[in-house]
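In my numbering, the protein residues as written are 1281 to 1641. Single-structure report; data block below.
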């Protein structure tokens, strides 16, 4: 019986086809498995290293519950907003949370006091300030009594108290920190009124005179003591000319202008002597046996000046102004506090920097 196709005949020998040794297959398999194992191990090691190099915050984010993470982010944002608001309120824009200044509060302010308008107006004359940029600014006109400052601090006062003028105090009521106020205080509500008189540019002075030491110190803006007068004492008079002072009795002094200086000025008609500052000078126009005549030269039309003038046959220190164009007037100095400010409307610019210690510096 013939064998079916594909069936082996009985007694047929087995095929002699060469079979690849099992160990070779095993070797190949080992190679493949070893390479795959190395690839997986390498990836795992790299992942571990990346986790190690990542920040704790990132690792936390990877593992954190989404809801917990959302809460954490919200809390962090809230902290940033609160901190930013505090910094802004306390240091950048303190007026946002500032209390309103009311009577009884203690406030600190920057200020500028001036005549003839607020300090930044054309023709304004500054008589006091605690603002460094204004003190140092050469573009601002300063009054005769103004003294340049080297240190600066805020003016502190109680609202409604007696530390400052009432109008100054009232100007800050209802204001917040970093707010500014402007107030014009008339002479009657300021430092008092003063009689003003027409001023003549030509004045005559005695070459010498006698008065009490107290009167002389007021007149010449000096602070001489009797103990200083053991020998002739050299001074510069308010009109810019030199004089010597000597003791005369127990309480009086005698002053004498330096005649040689006056004679030198009369020989040179165009020569001038600086008085008070570079904007004011005098020229000697005549010399008599016991007096001499000078002419005042004002270089500015809108400034107050201190000068020496004969009033009722007595030489006195005066303050001259010409705030009305073309007309000079003067008021006699009385030696009191704020004598320069008497009779003047006072213009104050005020900036609040602290209320009861809030945002104070």
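Don't be surprised by glycine CBs; every beta carbon is placed ideally from N, CA and C.
C-alpha gap between residue i and residue j, whole angstroms
i            : j            : result
residue 1578 : residue 1559 : 6 Å
residue 1352 : residue 1346 : 10 Å
residue 1568 : residue 1482 : 15 Å
residue 1495 : residue 1391 : 33 Å
residue 1475 : residue 1627 : 20 Å
residue 1511 : residue 1534 : 12 Å
residue 1428 : residue 1562 : 24 Å
residue 1514 : residue 1554 : 18 Å
residue 1620 : residue 1613 : 7 Å
residue 1471 : residue 1618 : 7 Å
residue 1357 : residue 1625 : 54 Å
residue 1478 : residue 1607 : 8 Å
residue 1581 : residue 1452 : 33 Å
residue 1423 : residue 1354 : 60 Å
residue 1420 : residue 1396 : 13 Å
residue 1417 : residue 1394 : 14 Å
residue 1593 : residue 1491 : 13 Å
residue 1402 : residue 1363 : 44 Å
residue 1616 : residue 1542 : 31 Å
residue 1350 : residue 1387 : 45 Å
8 Å CB neighbourhood of residue i in its chain, flanking five on each side removed
i            : result
residue 1441 : 1449
residue 1497 : 1503 and 1504
residue 1469 : 1445, 1446 and 1447
residue 1385 : 1379, 1438, 1439, 1635 and 1636
residue 1454 : 1380, 1381 and 1382
residue 1538 : 1521, 1522, 1523 and 1524
residue 1488 : 1534, 1535, 1536, 1537 and 1570
residue 1415 : 1409, 1428, 1429 and 1432
residue 1313 : Unreliable positioning characterises residue 1313 in this predicted model, as indicated by a pLDDT of 43, which lies under 50. The coordinate reading is nonetheless provided below. Correct list: empty, nothing qualifies.
residue 1540 : none
Residues of its chain near residue i, where Cβ-Cβ distance is below 6 Å and the 5 sequence neighbours each way are ignored
i            : result
residue 1565 : 1573 and 1575
residue 1359 : none
From the options, residue whose alpha carbon lies closest to that of residue i
i            : options                   : result
residue 1412 : 1458, 1430, 1513 and 1515 : 1430
residue 1426 : 1383, 1452, 1583 and 1511 : 1583
residue 1382 : 1539, 1439 and 1595       : 1439
residue 1630 : 1466, 1363 and 1435       : 1435
residue 1443 : 1424, 1489 and 1389       : 1389
residue 1486 : 1420, 1536 and 1618       : 1536
residue 1599 : 1418, 1480 and 1506       : 1480
residue 1484 : 1570, 1541, 1395 and 1356 : 1570
residue 1638 : 1421, 1488, 1456 and 1424 : 1456
residue 1501 : 1595, 1394, 1410 and 1402 : 1595
residue 1499 : 1597, 1398 and 1506       : 1597
residue 1531 : 1540, 1506, 1541 and 1542 : 1506
residue 1529 : 1615, 1493, 1542 and 1540 : 1493
Residues near residue i in its chain [Cβ-Cβ closer than 7 Å; skip 5 each side]
i            : result
residue 1526 : 1509, 1512, 1533 and 1534
residue 1601 : 1584 and 1609
residue 1623 : 1467, 1473, 1474, 1476 and 1611
residue 1433 : 1410
residue 1399 : 1392, 1406, 1414, 1420 and 1629
Checklist entry - If we count Cβ pairs, one from each stretch, closer than 8 Å, do we get three or more for the region 1460–1476 versus the region 1400–1419? => result no
Item to check | Three or more C-beta pairs below 8 Å linking the region 1587–1600 and the region 1513–1525 | outcome: yes
Item to check | Contiguous beta strand (DSSP E) assignments of at least 3 residues, all confined to the region 1502–1552 | outcome: 1513–1516, 1522–1528 and 1532–1537
Checklist entry - What residue ranges within the region 1373–1430 form continuous alpha helix (DSSP H) runs of no fewer than 4 residues, ordered along the chain? => result Those alpha helix (DSSP H) runs which fall completely within the region 1373–1430 and span 4+ residues are 1412–1416.
Checklist entry - Residue ranges of each beta strand (DSSP E) run of no fewer than 3 residues wholly in the region 1576–1602, ordered along the chain? => result 1585–1591
Checklist entry - Could you give the uninterrupted runs of the alpha helix (DSSP H) lying entirely in the region 1434–1506, keeping only those of 4 residues or more? => result 1446–1451 and 1493–1500
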